[in-house]
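Novice:
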Amino acid sequence: MQLDNRYRFETLVVGSANRLAVAAARAVAEAPGTVYNPLFVYGASGLGKTHLLGGIGQLARALHPNLTVEYVTLVDLVEQHHAAVAQGATDSWTARWTDVGVMLIDDLQFLTGRRETQTELLKLFASMQQRTRQLVMTSDRPPSEIADVDERLIARLGGGLVVDIGSPDYETRAAILRTVAAERDFEVPDELLNELARIEFRNVRELQGALNRLVAHRSLGTGELRLDDVLRALGLEVPAPAARRSVDDFESFLADVTSAVQQHVETWKSRLSEAIAYWAGEGYRTALLDRAFALPSQPDVDELLDAFAKSVERLRKLEARAASVDPSLGGQEAFRDPDQVERAAELVSRAEAGELPPPGPSPAFVRALFEVSTSNLLAAKAADAVAEHPGKRYNPLLLHGPSGVGKTHLAHAIGNEIAARSGGALSVACVPAQRFVDELIAAIGSGTVERWRARYRAADVLILDDVQFLSGKERTQEELFHVFNTLHASGRQLVLTSDQPPRRIPDIEERLRSRFDGGLVVPIEPPDRLLRERIAARTLAQHGHDADAEVVRVLADQPVHNVRELVGVVHRVLAAADAAGVTPTPAFTRRELGPVVRPTPSRVTMRAADSAFLDREKVVWDWPDTHARLIEELR
Amino acid sequence: MSLVNYATREITCKIVYYGPGRSGKTTNLHYIYSQVPADRKGNMVSLATQTDRTLFFDFLPLDLGSISGFTTKFQLYTVPGQVYYQTTRKLVLQGADGVVFVADSQVRQLDENIESLQDLHANLAEQDIDARTVPLVLQYNKQDLPAGLIHTQVELDDALNFRGVPSFGADALHGPGVFETLRGISELVLRKLSPSGGE
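Encoded structure:
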């Protein structure tokens, strides 16, 4: 979009309500990407936010002719994004904006509810800030008050400088009226303008509108015009003298406070706190800077901030190197603390030497939280045996069953148990098969397959979740075959999970399938009634509700196919109870869940239920032409 | 209470309106409340008796928006003036960044004023605060009453203002002097922001 040439800093009237915003805007235009990035300006409609954006744009263009400056409203940006998605050209959309030197986005409040755009913007902003591109945004409210926006995006929006523009005070209103009158060659006596300025218009647009109407009225009228006439002409009430005075009271109080703060606040602390807010918004730990506040004397802030920025830069480079070795290392805490650069460097060198173990099991999945009943008893017993004697009892152990029955939980729990029992001496690698594939692809791309292979071969226990995803991945299967052999031959434990037994996984090499089958293959069935009751009771207890036996029964009655669905049902009831401000009772639970509708048993389940039904001849509704046959039999 | 929190970029000023019963402390806050634009003020909390005397305290939060990158908030409190609410007065006074002493200008109230001012100093001393270091201004309220009933500002300065702090005549019911007082105390309090602490 084109920047409106009328919107320049020279035509912007500065008062106490917008002084800070204008100062920040100028600083940004003079040194884009270096001072306040992003700059977020908010204020009610008609207070000059778009004018400010225009000012930044014009000044930045004048000072940095080589820089691309783009102004866009959020609605336009969203539309362009939609068009790019429709044309399958999102990459070029991202590339187009990433290369912009100064991006000015107006009306950011319209982000509400646009989840997809938010995700794209988050990526775009992160990439722009990494390249020190300047972002300036306006909105009618502060970032934290824009409803339904991803918290990461809010943090990023507020990570630079957030500054508001208030309603103009009397002096500013008077100055604006004079500027506009001069621009448009209106001849209005100053005292009339001053009187008009006393009215508390909510924004500059209304103020300008009033001036226009005043001039129009004047050109039609005859004789001397008094303010009261003007106010009546404008449809406004004539303010009482006392009311006029009091407005000045508060505003002059505010002006006094503003100037006192500006005068007394220690600038170095102010700079430091801005830097802390910025780096914290970028996700870095700022303890190094925080400590400077406690120093007995004023530190060299420039030196401190410079050193901090250099440490961050070093961390970013280390993080990029680490991620090229192992994508899971990207975003790790170690790369977020400029106090610990050396630790991060050590991590990278260990990763590059292939010394780092692959990711371990999630600590959230512990054995104690895995409820056992008939439907998963065998699997649980096998898991316990493996945890007790890794590599000796069932190797490999393959758990299979439909989605959501707890295979992943149990597999991770085995890993956690083994790690805990060995006191951390055994290294447990626990990875979803899909990620195993992705890692291999990345390793092939970066020529680091040897290193990748070495990491898995060094593990004492390998847990591979959802091996059905290896279906058709020939190269990964080959790699796994070798890793499998290495581990198995040296008595190290393998645990696998799958949504079906090995013989049913399609496109798996026979040599691998036979190895999967060679240990113990054990199913986990959908939760039986007792298990459903236990899980319902535990979920209720986890949310601080006493497990009322009848409520638990109602919940366990629900026709669910797996544990995840059941937990979802419990959460739904709890959320409804919370919203209604009540404790879930049996009646409430029944009402919330509605009548239990049991699905008609499918042919397959009926057959499984009774072998008699296997005989088609014995199932009346399977008889062809029942009517005719009945008559024939009767005859 | 710290005046400025550099980590969260907040400036919070707690100002306590102190003075004898019925001198007009709550009236000051009511006037300020009536004049502050709606988006700048929080709810005024008043815990008053049925006869409109302040039983516990009044609290008026003012949000002055972002100033030099700092979210600036003022918290205005009043204490109950009646002698028997000593404990509440002590509580409210804790952590005050500045004190406005509201004196009743009526001739017959002079003793109450002096007593209350002594009470203020005693309460500060009890909290190990040197009264000379606390930003303080005096307000001589009810200056709109007939001249025969009240002391002039000069007379009140002589009687009460032995520290020579800024003093303001006021008519809190109608407004004159209310914001002048608030500006006066704010200026003293905000001086504490500077490295020298305004010394």
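Residue numbers (this note's numbering), protein chains in the order written: chain A, 1 to 635; chain B, 636 to 834.
Beta carbons: idealized from backbone N, C-alpha and C, even for Gly.
Quick one: list the residues of chain B neighbouring leucine 20 of chain A, beta-carbon separation under 8 Å, in chain order.
Specialist: Under the 8 Å cutoff, chain B gives Ser701, Ile702, Ser703, Gly704.
Novice: If you draw a straight line from the C-alpha of histidine 756 of chain B to the C-alpha of glycine 730 of chain B, how long is it?
Specialist: If I take the Cα positions, the gap works out to 15 Å.
Novice: Taking all protein chains shown into account, do 16 or more other C-beta atoms lie within 10 angstroms of the C-beta of arginine 455 of chain A, making it buried, or fewer, making it exposed?
Specialist: With 16 or more Cβ atoms within 10 Å of its Cβ, arginine 455 of chain A is classed as buried.
Novice: Compare the C-beta of threonine 585 of chain A with all C-beta atoms of chain B and state if any pair is closer than 9 Å.
Specialist: Chain B contact via Cβ: absent.
Novice: Alpha carbon to alpha carbon, how far is lysine 725 of chain B from glutamine 710 of chain B?
Specialist: Computed Cα separation, rounded: 17 Å.
Novice: Would you verify that the beta carbon of proline 672 of chain B is, or is not, closer than 9 Å to some beta carbon of chain A?
Specialist: Yes, proline 672 of chain B counts as interfacial toward chain A.
Novice: Between serine 246 of chain A and valine 569 of chain A, what straight-line distance do the alpha-carbon atoms span, to the nearest angstrom?
Specialist: Any reading at serine 246 of chain A must be qualified, since the residue scores a pLDDT of 48, below 50, and its modelled position is unreliable; the value itself is stated next. Using only the alpha carbons, I get a separation of about 59 Å.
Novice: Going by C-alpha distance, which of B/Thr768, B/Asp765, B/Val718, B/Leu771 is nearest aspartate 746 of chain B?
Specialist: Looking at the Cα atoms, B/Val718 is the closest of the given residues.
Novice: Near glutamate 657 of chain A, which residues of its chain fall below 7 Å by C-beta distance, leaving aside the five closest residues on each side in sequence?
Specialist: The shown model of chain A, from 1 to 635, leaves out residue 657 of chain A, and the question about it has no answer.
Novice: Helix, strand or coil, according to DSSP, for arginine 607 of chain A in the structure here?
Specialist: Residue placement at arginine 607 of chain A is poorly supported in this model, since its pLDDT is 41, which falls under 50; the coordinates are not used for a value here.
Novice: Is threonine 112 of chain A closer than 9 Å to valine 149 of chain A when the C-beta atoms are compared?
Specialist: Yes, the pair counts as a contact, with Cβ atoms nearer than the cut-off.
Novice: Leaving out five residues on either side along the sequence, give the residues of the same chain with a beta carbon under 6 Å from the beta carbon of serine 751 of chain B.
Specialist: Cβ neighbours of serine 751 of chain B beyond the five flanking positions: Gly654, Pro655.
Novice: Look up threonine 50 of chain A in the DSSP assignment and say whether it is helix, strand or coil.
Specialist: The answer is helix: DSSP assigns threonine 50 of chain A an H, G or I state.
Novice: Measure the beta-carbon distance from glycine 57 of chain A to lysine 49 of chain A and round it to whole angstroms, keeping in mind my assumption that it falls under 8 Å.
Specialist: The pair is not a contact, with the Cβ atoms about 13 Å apart (cut-off 8 Å).
Novice: For chain A, check one thing: does any of its Cβ atoms lie closer than 9 Å to the Cβ of glycine 810 of chain B?
Specialist: Yes, contact with chain A.
Novice: Determine the DSSP secondary structure at glutamine 558 of chain A, reduced to helix, strand or coil.
Specialist: Correct three-state label for glutamine 558 of chain A: coil.
Novice: For my contact list, glutamine 109 of chain A and serine 139 of chain A are in at a C-beta cut-off of 8 Å; report their separation, rounded to the angstrom.
Specialist: About 5 Å separates the two Cβ atoms, so the contact holds.
Novice: At which residues does the alpha helix (DSSP H) containing asparagine 663 of chain B begin and terminate?
Specialist: That run of the alpha helix (DSSP H) goes 660-670.
Novice: At 3 residues or longer, what runs of the beta strand (DSSP E) sit wholly inside the region 77-148 of chain A?
Specialist: With a minimum length of 3 residues, the continuous beta strand (DSSP E) runs that stay inside the region 77-148 of chain A are 102-106, 134-139.
Novice: Would you mind stating whether leucine 52 of chain A and alanine 21 of chain A have Cβ atoms separated by less than 9 Å?
Specialist: In this structure, alanine 21 of chain A lies closer than 9 Å to leucine 52 of chain A by Cβ.
Novice: Under the three-state reduction of DSSP, which class applies to phenylalanine 709 of chain B: helix, strand or coil?
Specialist: Three-state DSSP puts phenylalanine 709 of chain B in a strand.
Novice: Can you give me the Cβ contacts of serine 252 of chain A inside the same chain, cut-off strictly under 7 Å, excluding the 5 residues immediately before and after it?
Specialist: Nothing listed; no residue qualifies.
Novice: Buried or exposed, going by whether 16 or more other CB atoms sit within 10 Å of the CB of isoleucine 785 of chain B?
Specialist: The residue is buried, with at least 16 neighbouring Cβ atoms inside 10 Å.
Novice: Quick one: give me the first and last residue of the alpha helix (DSSP H) that alanine 287 of chain A is part of.
Specialist: Looking at the DSSP string, the run of the alpha helix (DSSP H) that includes alanine 287 of chain A is 287-293.
Novice: My assumption, with CB atoms under 8 Å, is that valine 563 of chain A sits in contact with isoleucine 535 of chain A. Please give the rounded CB distance.
Specialist: 6 Å between Cβ atoms; contact.
Novice: Taking glutamine 542 of chain A as part of the alpha helix (DSSP H), name the residues at either end of that continuous run.
Specialist: Its alpha helix (DSSP H) spans residues 529-542.
Novice: Runs of 4 residues minimum, wholly inside the region 780-830 of chain B: which ones carry the alpha helix (DSSP H) assignment?
Specialist: Here the runs fully enclosed are 788-795, 813-826.
Novice: Does leucine 825 of chain B come within less than 9 Å of chain A when only Cβ atoms are used?
Specialist: Cβ-Cβ to chain A under 9 Å: yes for leucine 825 of chain B.
Novice: Label alanine 579 of chain A either buried or exposed according to how many other C-beta atoms from any shown protein chain fall within 10 Å of its C-beta, with 16 as the threshold for buried.
Specialist: Classification for alanine 579 of chain A: exposed.
Novice: Could you check where the beta strand (DSSP E) with aspartate 739 of chain B kicks off and where it finishes?
Specialist: 733-739 is the span of the beta strand (DSSP E), which, as asked, contains aspartate 739 of chain B.
Novice: Taking leucine 269 of chain A as the query, report the chain B residues whose CB atoms sit under 7 Å from its CB, ordered along the chain.
Specialist: A quick correction: the sequence has lysine, not leucine, at residue 269 of chain A. The answer, in chain order, is Tyr641.
Novice: Is the region 70-80 of chain A touching the region 156-175 of chain A in the sense that three or more CB pairs, one from each, lie closer than 8 Å?
Specialist: In short, these stretches do not touch, since the Cβ pair count stays below three.
Novice: In three-state DSSP terms, what is glutamine 685 of chain B?
Specialist: Bear in mind that a pLDDT of 49 at glutamine 685 of chain B, under 50, signals an unreliable position, so the number given afterwards is only what the model happens to contain. Of the three classes helix, strand and coil, the one that applies to glutamine 685 of chain B here is coil, per DSSP.
Novice: Which residues does DSSP pair with threonine 497 of chain A in a beta bridge?
Specialist: In DSSP, threonine 497 of chain A forms a bridge with A/Leu399.
Novice: Classify aspartate 300 of chain A as helix, strand or coil using the three-state DSSP reduction.
Specialist: In the structure shown, aspartate 300 of chain A sits in coil (DSSP, three-state: anything other than H, G, I, E or B).
Novice: Using a C-beta cutoff of 9 Å, does aspartate 91 of chain A count as contacting chain B?
Specialist: No, aspartate 91 of chain A lies away from the interface with chain B (no Cβ there is under 9 Å from its Cβ).
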